[in-house]
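Single-structure report; data block below.
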Amino acid sequence: MPVASAAGVFMRKTFIEFFAGVGLIHEALAQLGWKAVLANDNDQKKVRAYKANYPDVAFSDQSIHDLCVRGLPKVDLATASFPCIDLSQAGYREGIHGQHSGLVWTFLEKIREMKDDGNAPRFLLLENVPNLLSIDDGKAVDFLLSRVAELGYAVDIVQVDAIHFTPQSRNRVFLVAVLEEHAALNPTPDGDHHIRRYRVKQAIERNSSLPWHFFDFPPLPKRELLLADIIQPLPEKDPRWWDEAQTAYFWNLVETEHRQKLKALLEAGGTHYFTAVRRLRRRRVREQIFNVRFDGVASCLRTPKGGSSTQYVVEISNGALRGRRLTGIEAARLQGVGLQTSAPEFAIPDNETEARYAFGDAVCVPAVRWVVQHSIESFISGSQRRQQYWLFDEAEKAA
862 MPVASAAGVF
872 MRKTFIEFFA
882 GVGLIHEALA
892 QLGWKAVLAN
902 DNDQKKVRAY
912 KANYPDVAFS
922 DQSIHDLCVR
932 GLPKVDLATA
942 SFPCIDLSQA
952 GYREGIHGQH
962 SGLVWTFLEK
972 IREMKDDGNA
982 PRFLLLENVP
992 NLLSIDDGKA
1002 VDFLLSRVAE
1012 LGYAVDIVQV
1022 DAIHFTPQSR
1032 NRVFLVAVLE
1042 EHAALNPTPD
1052 GDHHIRRYRV
1062 KQAIERNSSL
1072 PWHFFDFPPL
1082 PKRELLLADI
1092 IQPLPEKDPR
1102 WWDEAQTAYF
1112 WNLVETEHRQ
1122 KLKALLEAGG
1132 THYFTAVRRL
1142 RRRRVREQIF
1152 NVRFDGVASC
1162 LRTPKGGSST
1172 QYVVEISNGA
1182 LRGRRLTGIE
1192 AARLQGVGLQ
1202 TSAPEFAIPD
1212 NETEARYAFG
1222 DAVCVPAVRW
1232 VVQHSIESFI
1242 SGSQRRQQYW
1252 LFDEAEKAA
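Note that the working numbering has the sequence shown beginning at 862, numbered continuously upward.
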């Protein structure tokens, strides 16, 4: 149902999804009643996964460079979970102007074209890795904030970890912007907010002259989902479980302190689940080790390209240890889909490698939903109330 905006124009909660991936931003927004007008991505594996879940959405698999936005209907929101590979600590580190992450400038050029057409989205939502805040001594995020502001938007920036929603440590930066003509400009956020600390706070202070609209976020929720809740039950004879040689390899490479903890748990009994990654340690010689997490959380999902990008599930049960690679279904669940309580019908690629790839390069649905709910959604609700008061006041004047 349309709702009134601050400018008295009825909003239909429509959006365009750039860098759409498998559609997890779409999923977060759909849960809040938003409707996609267009989605764009040119990674064919992700395109297949997106279309399997949203076959009715108009989809362009062109490069964003070639995407024509002229003549599109006016939308309320444009989203961009733009490539992180040039910004990530595990990536190329070429910065915000790199070949991949630099596509954000093409996205903003598309927004400029829409603005020139009289169809600027009322809101923007951009997402990327925390290193966006620190790479090039903060110049990357400064430049990005300035470019968004130049397009006529008031900005806000927050950092939210998926660990508050699913058992995955996945810290991400969200830039939320609203057209300045609708914004309530305020130069400083209220207090030392939990999602605007450290490098976020520094970025705000460095760019104090920009138009800021600080949304009123509540405290982050306490996670209820446990690691055991996302584990996919596999038959004992499933070939994905390590064989004896692979299990021996794990024991041989596991960090000494972690080996002692695992042995103690084996003796104590019970069923326990952990995640582990294989890393390269540099001391006197280069050596591979397995690091096990004992905090009931998975490390940040990444696209499976070997080394520490591969994540494993370790199970201790009935006095025995066994392990295997994280499955595609488990990766999806860590991103908040494929669960009984969240998007249970979401189509997950049957091919394990494709599924790990798709969800390793995606967003955490409940984290995105929380950010949108307490920024854009809250803004719309407040605008609707203001519009209702305005209509009531006008009716009283007419009487």
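Note that CB positions come from ideal geometry on N, CA and C, so glycine has one too.
Bear in mind that the values here come from a model prediction, so they are computed numbers and not experimental data.
query                                                                                                                : result
Tyr915 beta carbon near the ligand FMN (any heavy atom closer than 8 Å)                                              : As for the ligand FMN, it is missing from this structure, which has no ligand bound.
Option in His1043, Asp1077 and Leu893 with minimal Cα separation from Ile1018                                        : Asp1077
Gln1249 - DSSP class collapsed to helix/strand/coil                                                                  : Reliability fails at Gln1249, whose pLDDT of 45 lies under 50, so the model's placement of it is uncertain and no value is given.
Local Cβ density within 10 Å of Leu916, reported as buried at 16 or more and exposed below that                      : It should be pointed out that residue 916 corresponds to Pro in this sequence rather than to Leu. When all chains shown are included, Pro916 counts as exposed.
Burial state of Asp1254 (16 or more Cβ within 10 Å)                                                                  : The predicted position of Asp1254 is uncertain, since its pLDDT is 46 and thus under 50; a value taken from the coordinates is nonetheless stated next. Looking at its Cβ environment, which holds fewer than 16 other Cβ atoms inside 10 Å, Asp1254 is exposed.
Supposed close pair Phe984, Val1039 - CB separation, criterion 8 Å                                                   : 5 Å
For Asp947 and Phe1240, the rounded distance between their alpha carbons                                             : 33 Å
Spatial distance of Ile1150 from Glu1176 (CA atoms)                                                                  : 18 Å
Among Ala1159, Ser1160, Ser1203 and Arg1217, nearest to Ile1190 - alpha-carbon criterion                             : Arg1217
Beta carbon of Pro1080 nearer than 9 Å to that of His1055                                                            : yes
Thr1108: first and last residue of the uninterrupted beta strand (DSSP E) it sits in                                 : It is not in any beta strand (DSSP E) - Thr1108 instead sits in the alpha helix (DSSP H) that spans Glu1105 to Leu1114.
Nonlocal neighbours in the same chain, by C-beta distance under 6 Å from Val1009, ignoring five residues either side : Val1016 and Ala1038
Bridge partners - Gln1121, DSSP secondary structure assignment                                                       : None; Gln1121 has no bridge partner.
Contact check, Asp978 vs Gly932, beta carbons under 9 Å                                                              : yes
N- and C-terminal bounds of the beta strand (DSSP E) containing Ala941                                               : Leu938 to Ala941
For Glu1213, the three-state DSSP class (helix, strand or coil)                                                      : helix
The alpha helix (DSSP H) enclosing Ala1089, as first and last residue numbers                                        : Leu1088 to Ile1091
Sheet register partners of Gln1172 (DSSP bridge)                                                                     : Val1138
Burial state of Gly1221 (16 or more Cβ within 10 Å)                                                                  : buried
Same chain, Cβ closer than 6 Å to Phe879, five either side skipped, listed in chain order                            : Asn901, Ala941 and Phe968
Beta-bridge pairing of Asn1152 - partner residues as DSSP gives them                                                 : Val1138
Cβ distance (whole Å) where Ser1030 is taken to contact Val1158 below 8 Å                                            : 5 Å
Cβ-Cβ separation, Pro1165 to Ser1203 (assumed contact under 8 Å), whole Å                                            : Not quite, the Cβ-Cβ distance comes to about 23 Å (not below 8 Å), so this is no contact.
One or two residues paired with His1133 in a DSSP bridge                                                             : Ile1177
Whole-angstrom distance between Thr875 and Leu890, CA atom to CA atom                                                : 10 Å
Boundaries (first-last residue) of the beta strand (DSSP E) holding Ile1190                                          : Unbroken run through Ile1190 is the alpha helix (DSSP H), Gly1189 to Leu1195; no beta strand (DSSP E).
Rounded C-alpha distance that separates Gly963 from Asn989                                                           : 12 Å
Nearest-angstrom beta carbon gap, Val1153 and Leu1187 [assumed within contact, 8 Å]                                  : Wrong, their Cβ atoms sit about 13 Å apart, outside the cutoff.
Beta-carbon proximity check, Ala939 vs Ile877, cutoff 9 Å                                                            : yes
Gly882 versus Phe1004 - alpha carbon distance                                                                        : 25 Å
Helix, strand or coil at Glu1206 according to DSSP, with G and I counted as helix                                    : coil
Of the residues Lys896, Gly1184 and Leu885, the one placed nearest Asp1099, counting alpha carbons only              : Gly1184
Contacting residues, own chain, Cβ-Cβ under 7 Å from Gly894 (five flanking each side not counted)                    : Lys874
According to DSSP, residues forming a beta bridge with Val1009                                                       : Answer is none; Val1009 lacks a bridge partner.
Nearest-angstrom Cβ-Cβ length linking Arg999 and Ala1064, presumed shorter than 8 Å                                  : First, the amino acid is wrong: residue 999 is Gly here, not Arg. Rounded, the Cβ-Cβ distance is 6 Å, consistent with contact.
Local Cβ density within 10 Å of Lys907, reported as buried at 16 or more and exposed below that                      : buried
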